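2 protein chains.
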Amino acid sequence: LISVRDLTKSYQMGEISVHALRGINLDIDEGDFVAIMGPSGSGKTTFMNLLGCLDKPTSGSYFLDGINVAEMDDKAITQVRNQKIGYVFQAFYLLPRTTALENVELPLLYRHKMSSKERREKAMQALEIVGLADRAKHYPNQLSGGQQQRVAIARAIVNDPAFILADEPTGNLDSRTSVEVLELFQKLHSQGKTIILVTHEYDLSHYALRIITFRDGKVISDAPNLDV
Amino acid sequence: LISVRDLTKSYQMGEISVHALRGINLDIDEGDFVAIMGPSGSGKTTFMNLLGCLDKPTSGSYFLDGINVAEMDDKAITQVRNQKIGYVFQAFYLLPRTTALENVELPLLYRHKMSSKERREKAMQALEIVGLADRAKHYPNQLSGGQQQRVAIARAIVNDPAFILADEPTGNLDSRTSVEVLELFQKLHSQGKTIILVTHEYDLSHYALRIITFRDGKVISDAPNLDV
Ligand SMILES: Nc1ncnc2c1ncn2[C@@H]1O[C@H](COP(=O)(O)OP(=O)(O)OP(=O)(O)O)[C@@H](O)[C@H]1O
Ligand SMILES: Nc1ncnc2c1ncn2[C@@H]1O[C@H](COP(=O)(O)OP(=O)(O)OP(=O)(O)O)[C@@H](O)[C@H]1O
Ligand SMILES: [Mg+2]
Ligand SMILES: [Mg+2]
Numbered sequence: 007l008i009s010v011r012d013l014t015k016s017y018q019m020g021e022i023s024v025h026a027l028r029g030i031n032l033d034i035d036e037g038d039f040v041a042i043m044g045p046s047g048s049g050k051t052t053f054m055n056l057l058g059c060l061d062k063p064t065s066g067s068y069f070l071d072g073i074n075v076a077e078m079d080d081k082a083i084t085q086v087r088n089q090k091i092g093y094v095f096q097a098f099y100l101l102p103r104t105t106a107l108e109n110v111e112l113p114l115l116y117r118h119k120m121s122s123k124e125r126r127e128k129a130m131q132a133l134e135i136v137g138l139a140d141r142a143k144h145y146p147n148q149l150s151g152g153q154q155q156r157v158a159i160a161r162a163i164v165n166d167p168a169f170i171l172a173d174e175p176t177g178n179l180d181s182r183t184s185v186e187v188l189e190l191f192q193k194l195h196s197q198g199k200t201i202i203l204v205t206h207e208y209d210l211s212h213y214a215l216r217i218i219t220f221r222d223g224k225v226i227s228d229a230p231n232l233d234v
Numbered sequence: 007l008i009s010v011r012d013l014t015k016s017y018q019m020g021e022i023s024v025h026a027l028r029g030i031n032l033d034i035d036e037g038d039f040v041a042i043m044g045p046s047g048s049g050k051t052t053f054m055n056l057l058g059c060l061d062k063p064t065s066g067s068y069f070l071d072g073i074n075v076a077e078m079d080d081k082a083i084t085q086v087r088n089q090k091i092g093y094v095f096q097a098f099y100l101l102p103r104t105t106a107l108e109n110v111e112l113p114l115l116y117r118h119k120m121s122s123k124e125r126r127e128k129a130m131q132a133l134e135i136v137g138l139a140d141r142a143k144h145y146p147n148q149l150s151g152g153q154q155q156r157v158a159i160a161r162a163i164v165n166d167p168a169f170i171l172a173d174e175p176t177g178n179l180d181s182r183t184s185v186e187v188l189e190l191f192q193k194l195h196s197q198g199k200t201i202i203l204v205t206h207e208y209d210l211s212h213y214a215l216r217i218i219t220f221r222d223g224k225v226i227s228d229a230p231n232l233d234v
């Protein structure tokens, strides 16, 4: 599904270059469940942004389903982003003037065959899955940190994407809710979805089948989870 | 230092009221180190916003240093907020068009006797304490999630406030950095500061001397940490 070769990403800051990714080589197959760990600043979010087609690498290649993403036109990239990928961002990025329900409906807006009634029902189901059906009409600033994070998770799953990129989806959640979220990912995985999860928490990383560790923009280990 | 009686906070949402705090009674003495835990949506951030004078209760009273905060004029409240309290927000709230260094300098701007050179040095010291001196010139969107959180922590400690309110200060930090942050709070506590910390993590809560648990807008337990 995903094939990455010598992927690098550098940021130019005046005279200084920040080398966020220094040559990543990875393959992730359809149906994998991968956890990515590593210290703060080691390049995890940068890598996730490249996988999610939200950013372009400085050099190296990224093949998605056999197609070189660098050679996709904007229309194809937009379609991949909206239909294939569900993204839980580290910083949530909910639209502030839009209710929780409307935020969760957003990924469904491109589905022209779907009526607005069907979109609302599908979005309400996703909110119910994360326990926030009663917060549907709240705006993000009327939600707790953990509630905002759960709305972001509902939005990531609402259009049944083929693969889910989740960047620290439990940073603001208590242990019980964190476990519920990881069990949700496990269930989606058992339905055939590919899950790529960034987490700082050792226990949560062990819901995955494979653990990749980043440090200073490189992969320093990539191994099956032997504790399953 | 802090005395709270029957504190409530309700939000009006059309016909529905959300009762975020349903009557909190607490005393926190100068030099205490308190951890606040509880499920998502239980009222922790709402309570911290009241303690930090960022919001007003619906009913009940909050005495700070013997003075009823509801009777303070705006000038007095602003002075308390800027000089007495260091606040690490759950959502960071760094100014996006301002560098890390400038964000950390902000609490020092009211100190008219301090030269801009002294402010810069003091802010750089705070950044060094959190390991980000080399990111001084970065803007928040050029920082990782954990780096942004650490800039917020540096900003909260830079003006040597009497008390520090930290709302989930380690949600985006790996375990090693989380421990470093809690050790920093321990050190500040040993220097006489009052620390009030909201955290979802049991291990981190046990750096505190007292643990308060919220549920559904109420305090359901308040006890010394017996594992110290
Ligand atoms: N402005 C608002 N309007 C309406 N409801 C609100 C508002 N702000 C917060 N709430 C509600 O108040 C409750 C308490 O929120 P609060 O942010 O204090 O929770 P919390 O304990 O900090 O949760 P978390 O651990 O997820 O950060 C939540 O149910 C939330 O939906
Ligand atoms: N736009 C940018 N300009 C300059 N440097 C950047 C930019 N974005 C990220 N960086 C730097 O790239 C490095 C990697 O950042 P990244 O966000 O990928 O880390 P991370 O592993 O997700 O960290 P965390 O665990 O703290 O979220 C960091 O050192 C950061 O300062
Ligand atoms: Mg990150
Ligand atoms: Mg909160």
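Protein chains in written order, with the numbering used here: chain A, 7 to 234; chain B, 7 to 234. C-beta atoms are modelled at their ideal positions from N, C-alpha and C, and glycine is treated no differently. Since the model is a prediction, treat every value here as computed from it, not as a measurement.
Against chain B, with Cβ distances strictly below 7 Å, would glycine 151 of chain A count as a contact? With respect to chain B, the C-beta atom of glycine 151 of chain A has a partner C-beta closer than 7 Å.
So, with DSSP's three-state summary, where would you put proline 241 of chain A? The requested residue 241 of chain A is not part of the displayed model; chain A covers only 7 to 234.
At the level of alpha carbons, what is the spacing between glutamine 153 of chain A and proline 102 of chain A? Each residue's Cα considered, the two are about 14 Å apart.
Note down, in chain order, each residue of its chain lying with its Cβ closer than 6 Å to the Cβ of alanine 172 of chain B, except the 5 sequence neighbours on either side. Val94 and Leu203, listed in sequence order.
Pick from B/Leu107, B/Ile170, B/Leu27 and B/Lys119 that is closest to alanine 139 of chain B, judged by C-alpha positions: Ranked by Cα distance from alanine 139 of chain B, the options B/Leu107, B/Ile170, B/Leu27 and B/Lys119 are led by B/Leu107.
Does the region 218 to 232 of chain A come close enough to the region 17 to 33 of chain B that 3 or more CB-CB pairs lie under 8 Å? At 8 Å Cβ cutoff, the stretches do not touch.
Would you please verify whether the beta carbon of histidine 5 of chain B is less than 7 Å from any beta carbon of chain A? Residue coverage of chain B in this structure runs from 7 to 234, which leaves residue 5 of chain B outside it and unanswerable.
Could you tell me which whole alpha helix (DSSP H) segments of length 4 or greater appear in the region 76 to 153 of chain B? For the region 76 to 153 of chain B, whole alpha helix (DSSP H) runs of length 4 or above, ordered along the chain, are 80 to 85, 106 to 111 and 122 to 135.
So what does DSSP say about leucine 32 of chain B, is it helix, strand or coil? Strand, per DSSP.
Does serine 46 of chain A have its Cβ less than 7 Å from a Cβ in chain B? So, interface residue.
Can you list, in chain order, the residues of its chain whose CB lies under 6 Å from that of serine 65 of chain A, leaving out five sequence neighbours each side? Closer than 6 Å at the Cβ level, and outside the excluded window around serine 65 of chain A, lie Thr14.
Cα separation between glutamate 36 of chain B and threonine 219 of chain A? If you draw a straight line from the Cα of glutamate 36 of chain B to the Cα of threonine 219 of chain A, it is about 43 Å long.
Applying the criterion that 16 or more other CB atoms from any shown protein chain within 10 Å of the CB defines a buried residue, is threonine 84 of chain B buried or exposed? Per the 10 Å Cβ criterion, exposed.
Cβ of asparagine 178 of chain A less than 7 Å from any chain B Cβ? Chain B contact via Cβ: present.
Looking only at C-alpha atoms, which of B/His195, B/Asp166, B/Ser48 and B/Arg216 sits nearest to alanine 132 of chain B? By alpha-carbon distance to alanine 132 of chain B, the top candidate from B/His195, B/Asp166, B/Ser48 and B/Arg216 is B/Asp166.
Own chain residues within Cβ distance below 8 Å of isoleucine 201 of chain A, not counting five before or after: Excluding sequence neighbours, isoleucine 201 of chain A sits near Asp38, Phe39, Val40, Phe169, Ile170, Ala172, Phe191, Leu194, His195 and Ala214.
Serine 9 of chain B vs phenylalanine 69 of chain B beta-carbon contact at 7 Å: Yes, they are a contact pair.
With DSSP run on the structure shown, which of helix, strand or coil describes alanine 26 of chain B? Of the three classes helix, strand and coil, the one that applies to alanine 26 of chain B here is strand, per DSSP.
With 7 Å as the threshold, decide whether the Cβ of threonine 183 of chain B is near any Cβ in chain A. Interface residue, yes.
When every heavy atom of ligand 3 is checked, does at least one fall within less than 6 Å of the C-beta of glutamine 96 of chain A? Checking the Cβ of glutamine 96 of chain A against ligand 3 gives yes.
Report the residues of the region 99 to 113 of chain A with a CB closer than 7 Å to any CB of chain B, ordered along the chain. Going along the region 99 to 113 of chain A in chain order, one finds no residue with a Cβ nearer than 7 Å to chain B.
For leucine 171 of chain A, the first and last residue of its enclosing alpha helix (DSSP H): Not the alpha helix (DSSP H): leucine 171 of chain A falls in the beta strand (DSSP E), residues 169 to 173.
For a contact defined as C-beta to C-beta under 7 Å, what are the partners of glutamine 18 of chain B on chain A? Neighbourhood of glutamine 18 of chain B in chain A, by CB distance below 7 Å: empty, with the nearest CB roughly 11 Å away.
When Cβ atoms are compared, which residues of the region 190 to 223 of chain A fall closer than 7 Å to chain B? Those would be His206, in chain order.
Is threonine 176 of chain B a contact residue of ligand 4, with contact defined as CB to any heavy atom under 6 Å? No, ligand 4 has no heavy atom inside 6 Å of this Cβ.
From B/His206, B/Thr183, B/Val164 and B/Glu174, pick the residue whose C-alpha is nearest to that of serine 184 of chain A; which is it? The shortest Cα separation from serine 184 of chain A among B/His206, B/Thr183, B/Val164 and B/Glu174 belongs to B/His206.
Evaluate contact between the region 52 to 61 of chain B and the region 72 to 90 of chain B, counting only Cβ atoms and requiring at least three cross-stretch pairs below 8 Å. Touching, per the Cβ criterion.
Specify the secondary structure class of lysine 199 of chain A as computed by DSSP and reduced to three states. In this structure, DSSP gives lysine 199 of chain A a state outside helix and strand, which the three-state scheme calls coil.
Inter-residue Cα distance where the pair is glycine 177 of chain B and aspartate 33 of chain A: Roughly 29 Å between the two C-alpha positions.
Below 7 Å between beta carbons: does that hold for glutamine 96 of chain B and glycine 137 of chain A? No; because the gap between Cβ atoms is not below 7 Å, this pair is not in contact.
Going straight from the alpha carbon of isoleucine 135 of chain A to that of lysine 50 of chain A, what length do you get? Here the alpha carbon of isoleucine 135 of chain A sits roughly 27 Å from the alpha carbon of lysine 50 of chain A.
For serine 181 of chain B, which option in A/Ser122, A/Phe98, A/Tyr145 and A/Asp209 has the closest C-alpha, if you only look at C-alpha atoms? Residue A/Asp209 is the option with its Cα nearest to serine 181 of chain B.
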